[in-house]
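Trainee: Using this note's numbering, the first residue of the sequence shown is number 1302, and each one after it goes up by one. Here a beta-carbon is modelled for each residue, glycine too, at the ideal position from N, C-alpha and C. Input: one structure, supplied below.
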Amino acid sequence: MRQQKPTRPAAKKTSRTAAPKQPASPRQSAPPLDQNFVAPQKPVRLNRAIADAGVASRRKADEFIRQGVVKVNGKVVTELGTKVEIDDMVTVHGEPITRYKHLTYIVLNKPKDVIATSSDEKGRATVFDIVRLKTRLFTVGRLDRNTTGVLLLTNDGDLANMLMHPRYGIVRVYKAVLDKPLRQDHARQIANGIDLDDGPTQPCQVTIDPSDRTNVMLSIREGRNREVRRIFEHFEYDVKRLDRKEYAGITTRGLARGEYRHLTRDEVFELQRQVKLAE
């Protein structure tokens, strides 16, 4: 189907049914390449290295450093800001710590009526009823209960935080089905940015299906709470369905609703490249 040319922001003059409480274990569309993939790691602060190894909290690690019971490559270190490489030998009270952390990266095709949190006080189903792993995972951003599609989960806290941070401008692509056709002037305003209660939105790309103007693709680079829905509500459109098609280039291609898979090494490296971690 031929698509209408996307509405791009003008250049600035300056500067199915509700998911059950306990969903059946999903079928993974493809086995993970390596569930214990260890991603490259940059130098980190000494207290964090100790905390990541499960020896103590960062605050307690700082106390150990001050007390002189922490050594790096056989030398006592008392400076709190010291950074260590993955190959450095760190000991606490003479015992070496384990620096390697097995990292997990997953993409889930989130169903409707599933909460993107670890628990829900109302007892509703969560994404962790679907992705049942022993490893504690974080969601990379959130999708509200009625929004479906791409949801990334990982135990790589640094990467997750960077992918969500607005400074990196990570692309999120959504498909919205509206209650009425989107007017061209409204599309143009959305593309250039509009004022919401929590501030102006960034310029974005809007693509309208020429055969059905209620179908709209929106490509944005920020992830504010319910942002896409609020953008359309600003012009008094009701979003009937909202599906996230892409996050940082990761899609749900080949995954049915409620299915997930582990990311490949190349996909992880590409995510890191987008936030400069792979340099």
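Which of the three DSSP states, helix, strand or coil, is assigned to residue 1528?
Mentor: Of the three classes helix, strand and coil, the one that applies to residue 1528 here is helix, per DSSP.
Trainee: Under a Cβ-count criterion, where at least 16 other Cβ atoms within 10 Å of its own Cβ denotes burial, should residue 1467 be classed as buried or exposed?
Mentor: Residue 1467 should be labelled exposed.
Trainee: Applying the 10 Å Cβ sphere with the 16-neighbour rule, what's the burial state of residue 1412?
Mentor: That one is buried.
Trainee: Is it buried or exposed for residue 1403, if we count other Cβ within 10 angstroms and need 16 for buried?
Mentor: Residue 1403 should be labelled exposed.
Trainee: Identify, in the order they occur along the chain, each residue of the same chain with its Cβ nearer than 7 Å to the Cβ of residue 1389, setting aside the five sequence neighbours on each side.
Mentor: If we look at residue 1389 and ignore the five residues flanking it on each side, its Cβ neighbours are 1373 and 1374.
Trainee: Skipping 5 residues on each side, what residues in its chain have a beta carbon closer than 7 Å to that of residue 1568?
Mentor: 1551, listed in sequence order.
Trainee: List, from N- to C-terminal side, the beta strand (DSSP E) runs of 3 residues or more that fit wholly inside the region 1426-1485.
Mentor: Within the region 1426-1485, the complete beta strand (DSSP E) runs of at least 3 residues are 1449-1455 and 1473-1479.
Trainee: Any chance you could list the beta strand (DSSP E) runs of at least 3 consecutive residues sitting entirely within the region 1499-1544, in chain order?
Mentor: Runs found: 1506-1509 and 1516-1521.
Trainee: Buried or exposed for residue 1501, please, with buried defined as at least 16 other CB atoms from any protein chain shown within 10 angstroms of its CB.
Mentor: The residue is exposed, with fewer than 16 neighbouring Cβ atoms inside 10 Å.
Trainee: Hey, is the region 1447-1464 in contact with the region 1510-1517, meaning 3+ C-beta pairs nearer than 8 Å?
Mentor: Judged by Cβ distances under 8 Å, the region 1447-1464 makes no contact with the region 1510-1517, as fewer than three pairs qualify.
Trainee: So is residue 1485 buried or exposed if we call it buried at 16+ other beta carbons inside 10 Å?
Mentor: Residue 1485 is exposed by the Cβ-count criterion.
Trainee: Who are the Cβ neighbours of residue 1398 in its own chain at under 8 Å, not counting the five residues just before and after it?
Mentor: Closer than 8 Å at the Cβ level, and outside the excluded window around residue 1398, lie 1350, 1351, 1354, 1356, 1391 and 1392.
Trainee: Using 8 Å as the cut-off, can you tell me whether the region 1477-1494 makes contact with the region 1444-1455, which would need three or more C-beta pairs spanning the two stretches below that distance?
Mentor: Short answer: they don't touch.
Trainee: How would you call residue 1566, buried or exposed, if buried means at least 16 neighbouring beta carbons within 10 angstroms?
Mentor: Residue 1566 comes out exposed.
Trainee: Helix, strand or coil: which one does DSSP assign to residue 1568?
Mentor: The answer is helix: DSSP assigns residue 1568 an H, G or I state.
Trainee: Quick test of your reading: residue 1518 and residue 1474, contact by CB under 8 Å. State the CB separation rounded to the nearest angstrom.
Mentor: Residue 1518 to residue 1474, Cβ: 7 Å. Contact.
Trainee: DSSP three-state call for residue 1487: helix, strand or coil?
Mentor: Reduced to three states, the DSSP call for residue 1487 is helix.
Trainee: Using DSSP's beta-bridge definition, name the partner residues of residue 1577.
Mentor: According to DSSP, which records beta bridges pairwise, residue 1577 is partnered with nothing at all.
Trainee: Rank 1465, 1507, 1394 and 1436 by C-alpha distance to the C-alpha of residue 1456 and give the top, closest one.
Mentor: Minimum Cα distance to residue 1456 is reached at 1436.
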